[in-house]
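Read through the structure below, which is laid out as structure tokens, and then see the notes.
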Amino acid sequence: NAGVMQNPRHLVRRRGQEARLRCSPMKGHSHVYWYRQLPEEGLKFMVYLQKENIIDESGMPKERFSAEFPKEGPSILRIQQVVRGDSAAYFCASSPTSLQGSGNTIYFGEGSWLTVV
Amino acid sequence: DAKTTQPNSMESNEEEPVHLPCNHSTISGTDYIHWYRQLPSQGPEYVIHGLTSNVNNRMASLAIAEDRKSSTLILHRATLRDAAVYYCILRDSLATSGTYKYIFGTGTRLKVLA
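Here's what the structure looks like:
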């Protein structure tokens, strides 16, 4: 009964390169959320996706960041032309349904730590 | 912005109970209160959630005030492995889509002393 799987766990990129972070939700979950955690800070919501749809990306920086959740395969958070300020932990969470029902729980992966040098 | 208020840090002795408070004075009638914890270098881990009645599970207990404006997470016997940041969270609406997300505040950093 695998949980939310994220890879890579650690990624080092030079400034200007691209970073791709992958997230496979728990089995049976079709709702995915991405959060970012800067060093010594709390988690900040970035984007909410369902299969083949971006539901809300209000927390995503307008430039260089994109996310997708295709019909087949994992959700991907893509950061183009990375800068040092992108260094953070990126967490993916999933849920079987939306949070319309307030009692619904989301489950997090172990995170992907991006370091930009 | 987070809809909950928690102390920045707390300390507890090992094997003693820990009461972690949370204020959520603007909670709506249908909002559940969720608690997660984050151990160092790990993702947030679900702990417990509840609506009105007190809740118990294998990890902890959740005591909810009668007016629901505050709640307390209770760890009955703290161990060194319970040292983590504990988050009390509510859902919040995503205005652009009419859907919901969970907002994480800064949480309470629990230190357990041997």
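Chains as they are written, first to last, in the working numbering: chain A, -11 to 105; chain B, 50 to 163. No residue lacks a Cβ here, since even glycine has one placed at the ideal position from N, Cα and C.
- Cross-chain neighbours of SER86 of chain A in chain B, by beta carbon under 8 Å: THR148, TYR149
* Asked: So which residues on chain B does PHE33 of chain A lean against when the C-beta distance must stay under 9 Å?
  -> Under the 9 Å cutoff, chain B gives ASP141, LEU143, LYS150, TYR151, ILE152, PHE153.
**Study point:** 9 Å Cβ cutoff met for THR53 of chain B and HIS68 of chain B
**Key:** no
Q) Which residues in the same chain have their Cβ closer than 6 Å to the Cβ of GLY4 of chain A, if we skip the five residues on either side of it in sequence? A) GLN69
Quiz item: With 16 other CB atoms within 10 Å as the buried threshold, where does ALA76 of chain A fall?
Solution: When all chains shown are included, ALA76 of chain A counts as buried.
Quiz prompt | 3-residue-minimum beta strand (DSSP E) runs that sit fully inside the region 14 to 69 of chain A, ordered along the chain | solution = Every unbroken stretch of the beta strand (DSSP E) spanning 3 or more residues and falling wholly within the region 14 to 69 of chain A is given here in chain order: 19 to 25, 31 to 38, 41 to 44, 53 to 56, 63 to 67.
- Buried or exposed (CB count within 10 angstroms, at least 16 for buried), ALA109 of chain B: buried
* Using the beta-carbon count (16 or more within 10 Å), is GLU45 of chain A buried or exposed? -> buried
- Item | Segments of 4+ residues assigned as alpha helix (DSSP H) that fall wholly inside the region 80 to 125 of chain B | none
| query | Does DSSP put LEU139 of chain B in a helix, in a strand, or in coil? | reply | Here LEU139 of chain B sits in coil by DSSP.
message = Here's the rule: buried if 16 or more other CB atoms are within 10 angstroms of the residue's CB, otherwise exposed. What is HIS(-2) of chain A?
response = HIS(-2) of chain A comes out exposed.
- Message: Just checking ARG158 of chain B against the ligand ATP - is the residue's beta carbon closer than 8 Å to any of the ligand's heavy atoms?
- Response: Ligands are entirely absent from the displayed structure, and the ligand ATP is therefore not among its contents.
When DSSP builds the beta bridges, which residues end up paired with PRO70 of chain B? B:THR121
- Straight-line CA distance for LEU111 of chain B to PHE79 of chain A? Whole-angstrom Cα-Cα distance: 26 Å.
- Please list the partners that SER91 of chain B has in chain A, where partner means a Cβ-to-Cβ separation under 8 Å. The question names Ser, but residue 91 of chain B is Gln in the sequence shown. In chain order: GLU98, GLY99.
Cross-chain neighbours of SER46 of chain A in chain B, by beta carbon under 7 Å: LEU143, THR145
Rounding to the nearest angstrom, what Cα-Cα distance links ASN48 of chain A and GLN55 of chain B in this structure?
Per the sequence shown, residue 48 of chain A should be read as Met rather than Asn. So the two alpha carbons sit approximately 26 Å from each other.
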